[in-house]
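Line by line, the protein sequences give chains L and B. All residue numbers for the first sequence refer to our numbering, where the first residue is 1 and numbers rise by one. All residue numbers for the second sequence refer to our numbering, where the first residue is 1001 and numbers rise by one. Ideal placement from N, C-alpha and C gives every residue a C-beta, glycine not left out. Here the structure is laid out as structure tokens; the discussion comes afterwards.
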Amino acid sequence: MAESVPVPVEAGREARRRTRANRAAARREDETDQLGRRAVELARFYAGKIETVPKVPVRSLHDFSLWYTPGIAAVSRTIEADAEESFNLTGRWNTIAIVTDGSRVLGLGDIGPEAALPVMEGKALLFKWLGGVDAVPIPIRVSSPDAIIETVERLAPAFGGINLEDIASPKCFGILEQLQHRLPIPVWHDDQLGTAAATIAGLINALTLTNRAVRETRTVLLGAGAANIATARLLLALGHDPHKLSLVDQKGVLHAERTDVDELMLRNPWKYRLALKTNGGGRTGDLAAALEGADVLLAASTPDPNTIRPEHVARMAKGPIVFALANPVPEIWPDVARDAGAAVVATGRSDFPNQVNNSLIFPAVFRGVLDARARSIPDEIVLAAARELARHAEDRGLSTTHLLPTMEETEVFPYVAAAVADATVAKGIARLRLTHDEYLEGARTRMGRSARLVRALVRSHLTAPMPRPHSPTRRRSP
Amino acid sequence: MTAAGEPTPPTTPGPTDSTSIPIHLRPARAADVSALVPLLLRLKRLNEEFDPLLRVRDDAESQAREILKATINDPKAVLLAAEGVGPDKDKVVGFVNAVLRERAFYAPPVEGVIVDIYLLPLYRRHGVGEYILKEVSAALKAKGAGVVIAEFPAQNEIAVRFYAKRGFRPITARHARLL
């Protein structure tokens, strides 16, 4: 769209916009610093974000002859006779492990297992609050992928599912693949699947909104890390033509003749396979070359608003779709992308329309697989979650500023959970087969219970109220 | 060493998917040298990934050119060029290089040693490695070899698996340290 290419007379406007953007960035850094100080203060005050709470009445110590020995031996014998009963007679069905080696935590890099613990606690809180899932943070001190796989395999008997978290790419791919293959419970890596599924959900609606069919769509993925490698796989599962898909990394378009492809075969066979499979027509060169005539740009790369230039967007097909998902700063500011011709823009942030956020996916996916006591979580299930999420946004009316439900629309999540559970039944991997309405009702109850629980604990002063900022008190919570 | 093996079997067909072998092998000619040099260098750079003692020298390109020229005329060597098929006919997309060595003390008395196999990534899979191995073994046998040996970096597990699947086993080992 030549008419959208910025011309020199607009240079002043561009400079002003950049100054504005810089000021906004400085303000956001200030805010982040303040939030950080407050988070440390609260972490010190509460000393942890989750605890175990009994879920049975205890009238006196006598009850322990049922909850514990001697009565409990009969429960153990029942499970010994049939290990599947562990999903019915214990909390296993609703308990997952959040496992990390701390090798790629947030934007902090390899900070080690202890430093990863507060992040995993936060994730566990999200799992409980949004999904009603009992999640146990388990940062482990291991380095090799084999050691992670072995450790998780040994932990599995206690859990109904495993959530891998903040494990570096590319080792995360092999670890997920191996564990999904070996364990009789769902294994999920949120940095791959959560982000990819949320992206696919947004994309489904963006395609509908711009009258595109996925088969005919030409898509460029910018960044070839955990999220986009998984997004590429899900796109192909959705019916995207591999020839019309191109990945772009720091070295340009990923293609089979690139000189680093042999190294990829050894170090990152997942990316290697995509190098062989994608990019029909043999495009080479940089992002600009890849984007020529492309309908969709899905960026999960560098948090720098100049990563994608307006000229890049202008090279795309008419009315293109641009997802700039880097956090905390998108690869291009949404207004810049729209000015350059983008019809639909999404980011990872809540302060712009169309937030693509893995929290839209993972609590509901786990609610669904746990309620069905599922044995695994194949890509069809992930796509079922994405489709259901997309459908709810569509039901409320799609627009360029309404592609996905927001995080506040929590009433949507039980539907996503039920769709996931239904998909496990259809796939024959559900241990507990219920009707759609039963799954929906169960999910609603369990997802709603956590908020009530947290409120009840605060109301009864069992959870200390939030202290005022900069409070001098060092008092520990009860 | 080989780059024809794969870390894991393909799950979905690639763009060159076809039930037939997408290459054909023929003896290399002097005119192929320019096309073979970058392929040989790609292989040596891949080997570099396995051990610092396999660091590629700055003059590797001229070395490659000289060695390939000499090999083409050497009666005690087998150098086969892999050509594409269909639209890629006449394009050299890989090669295999093997040499005959006398075995002074052991029987059989002549061994054929595969020293280099390289195939551009797009032409791998589809049983191509198998086909190359069969062809080069036949050529070595025709020149008198009674045993076929594959040489590759010890850490190349893809090659280890590829050859192990086809009945190869380790017979001698080469261990190194820097002086």
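Using beta-carbon distances, B/E1151 does not count as an interface residue toward chain L, since no partner is under 8 Å.
Looking from the CA of L/A443, the closest CA among L/A372, L/N357 and L/H461 belongs to L/A372.
Taken in chain order, the whole alpha helix (DSSP H) runs of length 4 or more contained in the segment 1036-1078 of chain B are 1060-1072. L/V356 is a Cβ neighbour of L/A346, given a cutoff of 8 Å.
Listed along chain B are P1121, each with a C-beta nearer than 7 Å to that of L/V261.
Chain L places no beta carbon closer than 8 Å to that of B/E1130, leaving this residue out of the contacts.
In the displayed model, L/N268 falls within coil according to three-state DSSP, outside both helix and strand.
B/V1160 sits in a helix when the DSSP states are folded into three classes.
Residue contact with chain L for B/L1054: absent (no Cβ-Cβ distance below 8 Å to any residue of chain L). L/E380 has a beta carbon lying at 8 Å or more from every beta carbon in chain B. For the segment 1036-1050 of chain B, the residues whose beta carbon sits under 7 Å from a beta carbon of chain L are, in order, R1042, L1046 and E1049. Counting only runs of 3 or more residues that sit fully inside the segment 330-378 of chain L, the beta strand (DSSP E) segments are 344-347, in chain order. L/E263 is bridged by DSSP to nothing; it lacks a bridge partner.
The Cβ of L/E29 sits no closer than 8 Å to any Cβ of chain B. Per DSSP, L/R154 is one residue of the alpha helix (DSSP H) stretching across P145 to L155. For B/V1148, the beta-bridge partners assigned by DSSP are B/G1112. With contacts defined by Cβ atoms closer than 8 Å, L/V322 and L/L297 form a contacting pair. Counting of Cβ neighbours within 10 angstroms places L/V40 among the exposed residues, the total staying below 16. Under the three-pair Cβ rule at 8 Å, the segment 454-468 of chain L does not count as touching the segment 396-413 of chain L. For L/S376 and L/L108, the gap between their C-alpha atoms comes out near 31 Å.
One thing to note: B/L1080 has its Cβ no nearer than 8 Å to the Cβ of B/L1036. In this structure the segment 1038-1050 of chain B does not touch the segment 1144-1151 of chain B; the number of beta carbon pairs closer than 8 Å is below three.
Three or more Cβ pairs closer than 8 Å define a contact, and the segment 109-129 of chain L meets that threshold against the segment 42-58 of chain L. Straight through space, the alpha carbons of B/E1048 and L/L291 are spaced by roughly 34 Å. Under the DSSP assignment, L/W93 falls outside any beta strand (DSSP E); it carries neither an H nor an E label. When Cβ-Cβ separations below 8 Å define contact, L/E257 makes contact with chain B. Cβ proximity to chain B below 8 Å picks out R273, A275, L276, K277 and G280 from the segment 273-295 of chain L. For chain B, the residues of the segment 232-255 of chain L that bring a beta carbon within less than 8 Å of one of its beta carbons are L236, P242 and H243, in chain order.
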